[in-house]
C-alpha cells in the first residue's frame, strides 16, 4: 500500500512538472516578441525603441537562458505570482 502511494505521488509530481514546462513553453512560443508586446501596451500603442526593449528585457530577466527563466517563473508561481 505504501509503495502504491509513493508511486502515485511520484507520478503526480512528474505530471505537474510536465504541465508547468508545457505552460511555460506555450507562453514563449506565442508569435511576436513578448517584451515588445508588453511595452507597446504600456506605451499606448507606440512602438518602443530597441534600446528600451533591451533594457526592459534585461531588467525583467527575459534575456536569460530559458532554463533560468523557467526556474524563475516556477519560483514566482509558487510564491503566489500567477502572472
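In the working numbering, the protein residues as written are -6 to 76.
Yeah, the Cβ is synthetic: ideal placement off N, Cα and C, and Gly gets one too.
Only a predicted model underlies this, so the values are computations on that prediction, with no experimental measurement involved.
Please state whether the Cβ-Cβ distance between residue 50 and residue 56 is less than 8 Å.
Cβ atoms of residue 50 and residue 56: closer than 8 Å.
On the three-pair Cβ rule with 8 Å, is the stretch 10 to 20 touching the stretch 61 to 70?
Yes: at least three Cβ pairs fall under 8 Å.
Which of the three DSSP states is assigned to residue 60 in this structure?
Correct three-state label for residue 60: helix.
Pick from 58, 29 and 34 that is closest to residue 44, judged by C-alpha positions:
That would be 29, whose Cα lies nearest to the Cα of residue 44.
Give me the Cβ distance between residue 62 and residue 73, rounded to the nearest whole Å; I'm assuming they're in contact under 8 Å.
Going by Cβ atoms, the distance from residue 62 to residue 73 rounds to 19 Å, so no, they are not a contact pair.
If you reduce the DSSP assignment to three classes, tell me which class residue 43 lands in.
Here residue 43 sits in helix by DSSP.
From what residue to what residue does the alpha helix (DSSP H) around residue 31 run?
Unbroken alpha helix (DSSP H) run through residue 31: 27 to 35.
Check whether the Cβ atoms of residue 41 and residue 32 lie closer than 8 Å to each other.
Yes, the Cβ-Cβ distance between residue 41 and residue 32 is below 8 Å.
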